[in-house]
Amino acid sequence: MADTATAAPETAASPAARKGARGGSSLWRYVLIRFLLIFPTIFILVTTVFLMMRVTGDPITAALGGQLTPAQLEERIEAAGYNRPLIVQYLEYIGQIFTGDFGTTIDGQPVVGVLLRYGGATLELAFYALIVAFVVGIPLGMLAAALRDRWGDAVLRVFAILCYATPVFFAGLILKLVFSVWLGVLPSSGRASPRVELQIGRIDNPTGIYTIDAIRTGNPAYLIDVLQHAIMPGIALGLLTAGVFLRLVRTNVIGTLAMPYIDAARSRGVSEYRLVRKHAYKPALIPIITVIGLQIAMLLGGAVLTETTFEWMGLGYQLSEYLKARDYVAVQGIVALLAVIVALTNFIVDIIAAFIDPRVRY
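For the sequence shown, UniProt numbering assigns the number 1 to the initial residue and increments by one for each residue that follows.
Right under this line is the structure:
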């Protein structure tokens, strides 16, 4: 009898235990697969950039072809190894990347140093843009769903289309015209005012992320100045993603509002606005997490134009300068780093989405 009594609960718990074990194993299998996909993604991007940079010939000739004599040019090409077969150059480049060596710019700077010096600025700009996208896109998406098929919904949908259809540089120029030229309330360019830096004294920015460095100094004047410089670039870049979020939230909230449990709540007299605010917005936010990874790639691409428009000294600004100088080694290194950031961000976002919504794993 004792054996039967002890065996019964174990048998009842076994299906749940087996289900939990399957769920856990499927999650880890999903994590492993997503992690392994990082490497071919980066490999394909790095290979594509390498081949595109070689379409016009070797980087030395492209950058210094009109500035050096033929003998000097030949000497530089041989010293850099660009006279060797393309496959040899490619294999050496891949090997260098694995050792953390992204090459040297035309003016002799290690590309890794450029990445470390300016990478923080681009990540800081992407962070502010993402905040703008959340603050603008999600509430307006919920409002558009609550106002479905009314004139307010139509206005918000047009606004969303304008957000992601307007070129980033054009939005930036409009913002500068309004807030810097006409109103004079925000700085038009840069990441901090030289005037403030002179008032405070020499400021060390070890992380390259001015917001963190300003907090670290404990000086509110410097922090306010840094935030003022970040407002317009953050809005110009963030609106690009805000339009996507607005449309996505609206669509998902409307889909959730058609569920039976929402109809039951509606039959009890719950208002449409309360249904959206209390019941429909949480399920609608899950797809937002899955598209954040894709939007990070869009933000980093848009950062090139945003940083150029606002003279924001980040990787995007440096990339445009190296492209103009035809410094293809530097371009290769920056694009390779951006590819790594995008791949890792997508991996992290996919894992978070799998934890929140088990359906993502299948």
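For every residue, glycine included, the Cβ atom is placed at its ideal position computed from N, Cα and C. Keep in mind that this is a model prediction, so the values were computed, not measured.
- When DSSP states are grouped into helix, strand and coil, P110 belongs to the strand group.
- Using a Cβ distance threshold of 8 Å, L86 and F102 do not count as a contacting pair.
- Two segments are said to touch when three or more pairs of C-beta atoms, one from each, lie closer than 8 Å; by this definition the segment 141–157 touches the segment 272–280.
- Distance between H279 and V49, taken at the CA atoms: about 46 Å.
- Across the structure, I60 and G100 are spaced so that their CA atoms are roughly 22 Å apart.
- For the options R76, I296, K282, the alpha carbon positioned closest to that of P139 is the one of K282.
- Of the other Cβ atoms in all chains shown, fewer than 16 fall within 10 Å of the Cβ of K324; this residue is therefore exposed.
- Residue nearest to Y322 within the set L239, G234, V304 is V304 (criterion: CA-CA distance).
- Excluding the 5 residues flanking it on each side, I262 has same chain C-beta neighbours closer than 8 Å at T256, L275, H279, A280, in chain order.
- Between the segment 216–228 and the segment 161–170, the count of Cβ pairs shorter than 8 Å is below three; the stretches do not touch.
- In the structure shown, T256 falls within a helical segment according to DSSP collapsed to helix, strand and coil.
- Within its own chain, the residues whose Cβ lies closer than 7 Å to the Cβ of L45, once the five positions on either side in sequence are excluded, are A339, listed in chain order.
- With a beta-carbon spacing of about 4 Å, S180 and S188 fall inside the 8 Å limit used to define contacts.
- The beta carbon of V88 lies closer than 6 Å to none in the same chain, with the five residues before and after it left out.
- For Y164, the enclosing alpha helix (DSSP H) starts and ends at 151–165.
- DSSP, read as helix, strand or coil, puts T99 in coil.
- In the three-state DSSP reduction, T105 falls in the coil class, being neither helix nor strand.
- Annotation: Q67 is outside any alpha helix (DSSP H) and is labelled neither H nor E by DSSP.
- Shortest Cα-Cα distance from Q295 to any of L239, I231, E74 involves L239.
- Using a Cβ distance threshold of 8 Å, L27 and A354 count as a contacting pair.
- R247 and I289 have their C-alpha atoms spaced approximately 14 Å apart.
- Residue state for L239 is assigned as helix, using DSSP reduced to three classes.
- Each residue's CA atom was taken as its position, placing T251 and L68 some 59 Å apart.
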